[in-house]
Amino acid sequence: MKIKLILVLILFLCFVPAQPQSVAQKRAGRMEAGMNLSYLDNYWLGTKEKKFADFVKVSDVAKREKMFADIAKAGFKTVRIPINFGAWASLKPPYEWENKEGPEAADLFVKWALANDLNVIIDLHHTELDNSIPGAATTERIVSLWKRIAERYKNTDREKVFFELRNEPHDISAADWRAQAEQLIKTVRAVAPNHTLIVGFHDWNSRQALIDSKPFPDTNIIYTFHYYDPFIFTHQGATWSSEGLPELKNVPFPWSKDAKIQTPPIAKGKWIENQINSYQKDSAGEKMFADLKAAKEWAEKNKVPSFLGEFGSFNKYAALDARCRHAEIIYSSLGKLNIPSAWWEWDGGFNMFEPGTTKIADCMRKAIESYAAQKPVE
Ligand code: BGC
Numbered sequence: 000m001k002i003k004l005i006l007v008l009i010l011f012l013c014f015v016p017a018q019p020q021s022v023a024q025k026r027a028g029r030m031e032a033g034m035n036l037s038y039l040d041n042y043w044l045g046t047k048e049k050k051f052a053d054f055v056k057v058s059d060v061a062k063r064e065k066m067f068a069d070i071a072k073a074g075f076k077t078v079r080i081p082i083n084f085g086a087w088a089s090l091k092p093p094y095e096w097e098n099k100e101g102p103e104a105a106d107l108f109v110k111w112a113l114a115n116d117l118n119v120i121i122d123l124h125h126t127e128l129d130n131s132i133p134g135a136a137t138t139e140r141i142v143s144l145w146k147r148i149a150e151r152y153k154n155t156d157r158e159k160v161f162f163e164l165r166n167e168p169h170d171i172s173a174a175d176w177r178a179q180a181e182q183l184i185k186t187v188r189a190v191a192p193n194h195t196l197i198v199g200f201h202d203w204n205s206r207q208a209l210i211d212s213k214p215f216p217d218t219n220i221i222y223t224f225h226y227y228d229p230f231i232f233t234h235q236g237a238t239w240s241s242e243g244l245p246e247l248k249n250v251p252f253p254w255s256k257d258a259k260i261q262t263p264p265i266a267k268g269k270w271i272e273n274q275i276n277s278y279q280k281d282s283a284g285e286k287m288f289a290d291l292k293a294a295k296e297w298a299e300k301n302k303v304p305s306f307l308g309e310f311g312s313f314n315k316y317a318a319l320d321a322r323c324r325h326a327e328i329i330y331s332s333l334g335k336l337n338i339p340s341a342w343w344e345w346d347g348g349f350n351m352f353e354p355g356t357t358k359i360a361d362c363m364r365k366a367i368e369s370y371a372a373q374k375p376v377e
């Protein structure tokens, strides 16, 4: 009798249906390794007098058609398209498109992505431009942008097209961002009830902000975070970030006792110097894996999917072999943890190419492959 009961119990346990996946989890499960294709975010190529609205050049748009095919051919399944819709709308209500060429270029990017069977993320990027245009990034204006964007793309394939509400919100408190995000969610949902949204948190979509936050009540959301750690490696030479970074060079990866990192005089006593002091610990593979695991644990605890929307390293001073080692630690961790991602970026300064070519470097290819190799078998 007892044996029979145990047998029934075993049978029951074997056939208990696994927790059904949500729509967002299913769609996230198809994103795999992805790529950011920048250009429609490059507002700085425009003129300030025109509120940067003139930054898009038709020839630059056209030459990107082939890049979608190249990205798909390289094995990436998703393309994230950072788009500065904010540069093309008027500053005053009702925020009409002032420059139609911009949104039309975005339409082409989405079309080309889908033609190459890629998932595509329409990412509202840099709404605040360079912070010099008053009123550019008010909640009212961003809500109005999303009304237009959602209308424009509401009939696209909801299995493949994702809406990312706002890239890297910063200089905004956690509570204020949450309030703004809630309005954006409501706005998009009224127009496009079935598309999956991608939402991150304050403090530049940081991993810590994700861990410190709660998901939204809407269940069709994938939660994004960005991971550029260790920052003094990935951003050495960058002119657009912290003081002391433009002058910082020769940061190896990982830390090595034979390669002493010189603190630029301007960085003395600043955040960059602290980062140099903790670099031995911060560049350890175990530490980076633990960081990513903590993000995954947050998602599991909340039963929501997560997505690493940006990671990569700037090629100005970082050596290619060091960049590949850094990439491989992240890709293999993402594989183990089953987190989809998008590398920053295809053809800008963070690209994966053999220097001077548009061919993905062999050691980068090996890094990418470590993702699939480490992924749990389903
Ligand atoms: C920004 C890019 C920058 C990258 C790495 C992105 O979020 O939009 O301009 O190159 O982060 O710092």
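For the sequence shown, numbering that gives the first Met the number 0 assigns the number 0 to the initial residue and increments by one for each residue that follows. Glycine is no exception: its CB is placed at the ideal position from the N, C-alpha and C atoms. Keep in mind it's a predicted model, so treat the numbers as computed, not measured.
Query                                                                                                               : Result
Proximity to residue 37 [Cα-Cα], best of 266, 332, 54                                                               : 54
Pick from 335, 63, 344 that is closest to residue 295, judged by C-alpha positions                                  : 335
Closest Cα partner of residue 111 within the set 69, 135, 26                                                        : 69
Pairwise C-alpha distance: residue 19 and residue 239                                                               : 44 Å
Residue 196, DSSP secondary structure in three states                                                               : strand
Inter-stretch contact at 8 Å, needing at least 3 Cβ pairs: the stretch 175 to 190 / the stretch 320 to 338          : no
Where residue 169 falls, given that 16 or more other Cβ within 10 Å makes a residue buried                          : exposed
Completely contained beta strand (DSSP E) runs for the stretch 50 to 109, where each covers 3 or more residues      : 77 to 82
For residue 272, the nearest candidate out of 250, 108, 144 (CA to CA)                                              : 250
Close Cβ partners of residue 349 (< 6 Å) along its chain, the five nearest in sequence each way excluded            : 311, 313, 343
Extent of the continuous beta strand (DSSP E) to which residue 307 belongs                                          : 305 to 309
Reduced DSSP category for residue 342 - H, G, I as helix; E, B as strand; rest coil                                 : strand
Contact check, residue 223 vs residue 198, beta carbons under 8 Å                                                   : yes
Minimum C-alpha distance to residue 92 - residue among 140, 127, 99, 86                                             : 140
Cβ distance (whole Å) where residue 134 is taken to contact residue 90 below 8 Å                                    : 5 Å
First and last residue of the uninterrupted alpha helix (DSSP H) at residue 327                                     : 319 to 336
Residue 32, enclosing beta strand (DSSP E) - first and last residue                                                 : 32 to 35
Own chain partners of residue 26 with C-beta closer than 6 Å, once the 5 adjacent residues on each side are dropped : 195
Those runs of the beta strand (DSSP E) which lie wholly inside the stretch 206 to 248 and span at least 3 residues  : 220 to 225
Span separating the alpha-carbon of residue 355 from that of residue 125                                            : 29 Å
Contained alpha helix (DSSP H) runs [length at least 4] in the stretch 246 to 317, N- to C-terminal order           : 270 to 276, 278 to 281, 284 to 301
Residue 181 - DSSP class collapsed to helix/strand/coil                                                             : helix
Counterpart residues of residue 376 in DSSP-defined beta bridges                                                    : Partner(s): none; residue 376 has no beta bridge.
Candidates 102, 351, 303, 369, of which the one nearest residue 21 by Cα                                            : 303
Through-space distance from residue 136 to residue 164, alpha-carbon basis                                          : 13 Å
heavy atom of the ligand BGC below 7 Å from residue 40 C-beta                                                       : yes
For residue 59, the nearest candidate out of 32, 101, 47, 85 (CA to CA)                                             : 101
Same chain, Cβ closer than 6 Å to residue 167, neighbours up to 5 away in sequence not counted                      : 203, 204
Three-state secondary structure assigned by DSSP to residue 44                                                      : helix
Residue 163 Cβ short of 7 Å to the ligand BGC heavy atom set                                                        : no
Integer-rounded CB distance, given that residue 75 should sit under 8 Å from residue 32                             : 6 Å
Beta-carbon gap between residue 42 and residue 86 smaller than 8 Å                                                  : yes
Residue 169 Cβ short of 7 Å to the ligand ATP heavy atom set                                                        : Absence of the ligand ATP is noted for the structure shown, with the ligand BGC being the only ligands found.
Alpha-carbon spacing of residue 94 relative to residue 150, whole angstroms                                         : 14 Å
Any non-hydrogen atom of the ligand BGC within 7 Å of residue 309 CB                                                : yes
DSSP three-state assignment for residue 113, whether helix, strand or coil                                          : helix
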